[in-house]
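There are 2 protein chains.
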Amino acid sequence: MADPAPYLVIAEDLRGRIVGGELEPGDRLPSVAELGRQYGVSPSVGARAYSVLVQEGLVISRHGAGHYVRGQETPELLVRRHRPRSEDSPFAQGAAEQGAVGTWRHESATAVADAQVADRLSIREGDPVMRTEYVYLVDDSPVQLATSWEPIAVTGQSMIVLPEAGPYAGIGVAARMRVIGIDVGEPVERVRARGATRAEAQALGITPAAPVLFIERTYYDQATGRPVETADITMRGDRWVAVYGQVPEGRDFQV
Amino acid sequence: MADPAPYLVIAEDLRGRIVGGELEPGDRLPSVAELGRQYGVSPSVGARAYSVLVQEGLVISRHGAGHYVRGQETPELLVRRHRPRSEDSPFAQGAAEQGAVGTWRHESATAVADAQVADRLSIREGDPVMRTEYVYLVDDSPVQLATSWEPIAVTGQSMIVLPEAGPYAGIGVAARMRVIGIDVGEPVERVRARGATRAEAQALGITPAAPVLFIERTYYDQATGRPVETADITMRGDRWVAVYGQVPEGRDFQV
DNA sequence: TCGAATTTGTGCGTATGTATC
DNA sequence: GGATACATACGCACAAATTCG
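Chains as they are written, first to last, in this note's numbering: chain S, 1314 to 1568; chain P, 1314 to 1568.
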């Protein structure tokens, strides 16, 4: 049985004291030299032990200053949930409920459906669609990206062909579709966890391969079953929780 | 302006060639010594560059053998969705629909609710609960972990107090609750993307910090609104997609 | 079977740039 | 502004694992 390497032993020891609460967020940790003395190894071993904990997110290092216990910041999670009859932007409304200011940038252009989008919208590859790219910001920092596709065949003759222009801008897909007489009900969402691509990391201000929540959302016309909008939504994993289902109302039981 | 450190330059160079496709999954990469020669630095710098890429999940290292480009393995996504009136294990049923064999291991024990579980179950901290740990396997490889908590106050007098023992084992929470006359409806699920902890990575056979889909699920008694079960579910991000909502039935529109 | 060559993993000492007082 | 403490990066030496003849 091989003994674990000393730098792992030191890291494990410190990890235990941090998660156990003995060392509190903000506490200054021993310098790498001091750590080496305590365990009878060279400073570089202490440095490597710290590098493990930094990678795990338990410790932050400040060049020339020292290592510090990092706050277990579960930085207020943003909550994403479906809002059945919203008449405001679901995103802005959600942010407001959480005491933040939600804004977004967008860009629309016509495009043709590739194979994947065509499949999701039940149209033919090459059919015209309106594609809109979104960047969502909370308190001016980007937290969510989205790309939306709508078949021109659905909205082309209406004044909502551009999702973010005219009197019906910024109210969300469900409300916009109601304008042209389409009731969409709840969307179907396919949820995945994966690492951020480089482009996503760049846009969201996170490191590549950091976990993101990725949702493929599709709205259907409830009357006919026809897909009317589909979107790829990418959210910072450390900032979002997506909630599905509702807590029942009546709570008349005894605790 | 400080130049980036040589080990970061090397890592960035290799990263570009990997994501660009010049280096393909499975390819053997230069040894750290060779890498050092190529860039005119010592082997330790090459080793450090590789450690960065290993941490990002782009490269795997095999002691004594070399460094290899890691496969972007997108192996058959498993689909997780709610099954309203299943009378079989939802997990096994889902796996079977996808042509795989789903099995699981479990271990139950009584415990007391900590603050978080107590909050989710609307009971008091310290109240007794039945805790069950699950490891789910598909074709003998672990793909999902779960920890479930049920208040003893709900199941304690019944023959389903042990989730995985007796005639009602392995049928899922909803079906088990029906046995004692509780209709639970759809659960509430809070979905997050985060990096795997060390323990999770170990159990799931992935690297630490690899993305996992993490779901906090709670079932409620529909009649009273009382929570009757809550669970933490951890799934390999590269193997699972969770689906919410249903595609409408009728598709009588013209393409 | 075995041993030599190759390769990664780990520890150490030192030089350098940074932060703090 | 200077002195000191500190983290970071690098080159080197040795151990452990793998491969191959």
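Ideal Cβ positions, reconstructed from N, Cα and C, are used throughout, including at glycine.
Assuming residue i contacts residue j (C-beta within less than 8 Å), just tell me the rounded distance between them.
i: P/F1527; j: P/R1507; result: 6 Å
i: S/L1336; j: S/V1382; result: 5 Å
i: P/G1538; j: S/P1561; result: 4 Å
i: S/A1459; j: S/A1324; result: Contact doesn't hold; Cβ gap of about 39 Å is too wide.
i: P/G1483; j: P/E1477; result: 6 Å
Using beta-carbon positions only, say whether residue i and residue j come within less than 8 Å of one another.
i: P/E1446; j: P/E1420; result: yes
i: P/Y1363; j: P/S1374; result: yes
i: P/G1384; j: P/P1338; result: yes
i: S/E1542; j: S/Y1557; result: no
i: P/A1405; j: P/V1448; result: no
i: P/T1416; j: P/L1450; result: yes
i: S/A1487; j: S/V1497; result: yes
i: P/V1367; j: P/Y1320; result: no
i: S/R1505; j: P/G1550; result: yes
Please classify residue i as buried or exposed, where buried requires at least 16 other C-beta atoms within 10 Å of its C-beta.
i: P/P1524; result: buried
i: S/M1314; result: With a pLDDT of only 47 at S/M1314, under the threshold of 50, the placement of this residue in the model should not be trusted; the figure read from the coordinates follows. With fewer than 16 other Cβ atoms within 10 Å, it is exposed.
i: P/V1442; result: buried
i: S/L1390; result: exposed
i: P/E1502; result: buried
i: S/D1427; result: exposed
i: S/G1479; result: exposed
i: S/H1395; result: buried
i: S/T1468; result: buried
i: S/Q1567; result: Only weak support exists for where S/Q1567 lies, its pLDDT of 49 falling under 50; the coordinates are left without a value.
i: P/R1418; result: exposed
i: S/A1408; result: buried
i: S/A1555; result: buried
i: P/E1410; result: exposed
i: P/E1438; result: exposed
i: P/R1444; result: buried
i: P/G1349; result: buried
Determine the chain S residues that contact residue i at a beta-carbon separation under 7 Å, and present them in chain order.
i: P/A1506; result: A1506, P1524, V1525, L1526, G1550
Going along chain S, which residues have a C-beta under 8 Å from residue i?
i: P/Q1559; result: V1501
Show which residues of chain P have a CB atom less than 8 Å away from the CB atom of residue i.
i: S/Y1533; result: V1560, P1561
Considering only the alpha carbon of each residue, which of the options lies closest to residue i?
i: P/A1413; options: P/S1454, P/I1436, P/D1432; result: P/S1454
i: P/Y1481; options: P/V1365, P/E1347, P/V1332, P/S1402; result: P/S1402
i: S/T1304; options: P/V1345, P/P1319, P/L1371, P/P1343; result: The requested residue 1304 of chain S does not occur in the structure, where chain S is confined to residues 1314 to 1568.
i: P/I1519; options: P/E1499, P/R1489, P/Q1457; result: P/Q1457
i: P/R1433; options: P/S1461, P/A1360, P/W1417, P/Q1351; result: P/S1461
i: S/M1548; options: S/R1361, S/V1474, S/S1435, S/E1513; result: S/E1513
i: P/M1490; options: P/V1425, P/D1534, P/V1504, P/E1529; result: P/D1534
i: S/I1465; options: S/A1431, S/R1505, S/V1345, S/A1522; result: S/A1431
i: S/M1472; options: S/I1484, S/H1376, S/V1492; result: S/V1492
i: S/G1329; options: S/E1369, S/G1349, S/E1347, S/R1530; result: S/E1369
i: P/H1376; options: P/V1345, P/Y1352, P/G1349, P/G1353; result: P/V1345
i: S/P1499; options: S/E1477, S/Q1470, S/P1540; result: Position check: residue 1499 of chain S holds Glu in this sequence, whereas Pro was assumed. If we check each option's Cα against that of S/E1499, S/P1540 comes out closest.
i: P/R1530; options: S/G1334, S/Q1559, S/I1546; result: S/Q1559
i: P/A1522; options: S/P1317, S/R1437, S/G1334, S/V1365; result: S/V1365
i: P/V1322; options: P/E1347, P/Y1352, P/D1340; result: P/Y1352
i: S/L1569; options: S/P1317, S/A1318, S/P1343; result: This structure cannot settle anything about residue 1569 of chain S, because the visible part of chain S is limited to 1314 through 1568.
i: P/A1318; options: P/I1546, P/D1440, P/I1436, P/R1361; result: P/R1361
Starting from the beta carbon of residue i, find every residue of chain S whose beta carbon is closer than 9 Å, and list them in chain order.
i: P/Q1368; result: Q1368, A1522
Just the chain P side, please: which residues come within less than 7 Å of residue i by C-beta, in chain order?
i: S/A1555; result: V1504
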